[in-house]
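Have a look at the structure below before the remarks.
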Amino acid sequence: MNIKLINEIKSDIKVEFLTKDRLKKHKLKKRLKLAGFCASQDSVCFLHEKNTLACGIENDEADNYRSASAQTIKALKSSNYKSATFTVDENNIQAMIEGIILGGYEFNEYKSKPKKTKLKNIYLSCTDVKKLQKSFQDAVIVAEATCFSRDIVNTIPQELNPPSFAKLASKLAKDNDLICEILGEKKLKKEKCNAMLAVGRASVHESQLIHLTYKPKNAKKIITLVGKGLTYDSGGLSLKPATSMVTMKMDKAGACAVLGIIKAVSELKLDIEVHAFIGAVENMIGGDAYKPDDVITTRSTKTVEVRNTDAEGRLVLCDVLDYAQEKVEADYIFDFATLTGACMVALGQYTTGAMGHSTKLKHSFVMQASTDSGELIGHLPFNRHLKKLLKSDIADISNVASKPYGGAITAGMFLDNFIKEKNKEKWLHFDIAGSAYTESPWDCNVYGATGAGVRFMSSFLKTL
Ligand code: BES
Ligand code: ZN
Ligand code: ZN
């Protein structure tokens, strides 16, 4: 599907977004009413004889345009039209593009006969193409980077394991002129990444630490991104119940978000240096598996008592965060992880949890980047009482809290133990356990991976 910004209408059908007020004054209002259309949000109505498709919106808010565009594109894809023209609302061009590209996304890799669509060309028509060209292009870059991230998350664990993930990352590096460094298990041993290695030990696939760098000439800021890349999380010896294990291919979504973000930044040509660090590991069972009761000396030299092998993400991240902080003096450090089921309990399935010490940074995301991008972010506050629950009687810290309540926060506070004092105010942790994957469509998200993190982080990085 191609998408183009133009200033005339040249397609099979024209799309109009109508509020109840606009419907009252519309020249086709009688026909639309006859067809049962009353402009309720996301309702679509074809008037084939008038080459018009109407879609209802509650008001002119971006969220409504995004959702309506997603519904419209789905209707168009199952029609016989080859092209369609959307009239651009200048304030909502980004939301419309998100709706069209992300709502029209399909992942058909494993279908022998994927449904075919006739729809080839989408035109966005406006009066001043020059004025809107930049916002149009930027929005397309970010939406396509989100689809790139979704594709990787949706890829099955049979195909996507730590070494093939590393290959994919090095291909992205080649395509987008990034520097790429990959550490296999031999190098990880040298680096003393014992926690990360322990998690991956029962897998037949070697764990990989991937480091991609985007380094433009006049970079004004340095950003470190860290991603949890569990290509599969069976839970390890603390095995997940059968029904919870299904969908655990998505446990690499943090790593995929980080890849999507560095792809977007390099294509937007932003003046910032970005480092993406990924811990790609598979959490499996076997005679060699790490165990509850083990004590691991992490790269930072802190010791961790393993009490649950299903709390593996934090063990991978603690080593990758430590490595990243040693390699790069960054202005900001952001990590992305499908870290806890508890985050979904706290905030619901649709919202990313943001944790950290800097009130200012949290505010930038929860208020600004979230609103600008249409991704939902909620703040989960650290506190000293929850921190105590991570105490271990035999090691420096336990990998799970002694009480389950506040599980997203205690996981975040576990990571905090591996953030160096000088970096405390520069760091935020994003738990995308709920927002990264869905089994029923919502907003511009279809079944499967959502690409969570790519849009809100790109939004933030554009403001630097
Ligand atoms: N990958 C899971 C978290 C998860 C759960 C992501 C559901 C997406 C959907 C993580 O590794 C995990 O298993 N966490 C445990 C932590 C617990 C053992 C303290 C959890 O959330 O149950
Ligand atoms: Zn787990
Ligand atoms: Zn996990």
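Be aware that the sequence shown starts at 1, since it is given in this note's numbering, and climbs by one per residue. Just so you know, even glycine gets a beta-carbon here, dropped at the ideal spot from N, CA and C. In this text, all values refer to a predicted model and were calculated from it rather than measured experimentally.
Given residue i as reference, the closest of the options once Cα atoms are compared
| i | options | result |
| --- | --- | --- |
| G229 | I261, V316 and I262 | V316 |
| T127 | S234, L34, L23 and I9 | I9 |
| L76 | D12, K388, V226 and S402 | D12 |
| M505 | F86, A436 and L23 | The shown model of the chain, from 1 to 464, leaves out residue 505, and the question about it has no answer. |
| L464 | M248, D443 and V274 | V274 |
| D288 | G434, V204 and P163 | V204 |
| S79 | S458, K190, A255 and L119 | L119 |
| A173 | K220, V265 and E326 | V265 |
| D42 | L32, C55 and N51 | C55 |
| L5 | N121, D21 and Y105 | N121 |
| D335 | K388, Q368, M413 and M284 | M413 |
| G235 | K171, G313 and A255 | G313 |
| A395 | V306, A242 and K424 | V306 |
| M1 | K82, D60, G36 and N7 | K82 |
| K131 | K190, D89, F382 and V446 | D89 |
| E425 | H363, D233 and K134 | H363 |
| F460 | M367, D431 and L390 | M367 |
| N91 | H48, S135 and H429 | S135 |
| I285 | N176, R201 and E16 | R201 |
| K422 | A337, F382, C444 and D322 | D322 |
| K327 | E49, C444 and E191 | E191 |
| L188 | E16, V446, G36 and H211 | H211 |
| F430 | G453, N417 and D416 | G453 |
| F365 | K462, N445 and N51 | K462 |
| F17 | W442, C45 and G36 | C45 |
| S392 | N445, M457, D233 and D294 | D294 |
| Y405 | I93, K388 and P162 | K388 |
Residues near residue i by beta carbon distance below 6 Å, same chain, minus five either side
| i | result |
| --- | --- |
| W427 | I333, G356 and I419 |
| I296 | N194, A195, A198 and V304 |
| F107 | N154 and G448 |
| N218 | D271 |
| R150 | A449 and G451 |
| L124 | L5, F86 and V88 |
| V320 | V226, F277 and G279 |
| A95 | A62, Y65 and R66 |
| S358 | E425 |
| E267 | I141 |
| K221 | I272, D331 and L464 |
| I152 | C256 |
| T243 | none |
| D443 | S67 |
| A35 | C45 |
Residue i: CB within 6 Å of a non-hydrogen atom of ligand 5
| i | result |
| --- | --- |
| D233 | Of the ligands this structure carries, namely ligand 1, ligand 2 and ligand 3, none is ligand 5. |
Contact check, residue i vs residue j, beta carbons under 7 Å
| i | j | result |
| --- | --- | --- |
| A411 | T340 | yes |
| S370 | R455 | no |
| S402 | V281 | no |
| T301 | C318 | no |
| G434 | M344 | yes |
| T231 | A324 | no |
| A145 | K263 | yes |
| G353 | L380 | yes |
| K14 | T85 | yes |
| G103 | A70 | yes |
| L47 | R31 | yes |
| S398 | L390 | yes |
| V400 | A311 | yes |
Whole-Å CB distance - residue i paired with residue j, under 8 Å assumed
| i | j | result |
| --- | --- | --- |
| A408 | A342 | 4 Å |
| I272 | V258 | Actually they do not touch by this definition, with Cβ atoms about 15 Å apart. |
| T213 | I179 | 4 Å |
| Y105 | C147 | 5 Å |
| P505 | L239 | Past the edges of the chain, shown from 1 to 464, lies residue 505, and the structure says nothing about it. |
Cut-off 8 Å between Cβ atoms - residues of its own chain near residue i, not counting five sequence neighbours on either side
| i | result |
| --- | --- |
| T247 | Y437 and E439 |
| P216 | K269, L270, D271, I272 and E273 |
| T19 | A39, G56, I57, E58, N59 and D60 |
| N51 | D12, I13 and K14 |
Beta-carbon contacts of residue i that lie in its chain and below 7 Å, excluding the five residues immediately before and after
| i | result |
| --- | --- |
| T351 | L376, I377, G378, G434 and S435 |
| N7 | S125, C126, T127 and V129 |
| Q133 | L5 |
Do three or more CB pairs link the region 59-73 to the region 97-112 at distances below 8 Å? yes
Tell me, please, whether the region 181-188 touches the region 127-140 by the rule of three or more beta-carbon pairs shorter than 8 Å. no
Can we say the region 147-163 touches the region 112-119, given the rule of at least three CB pairs closer than 8 Å? no
Would you call the region 73-90 and the region 26-34 touching, i.e. three or more CB-CB distances under 8 Å? no
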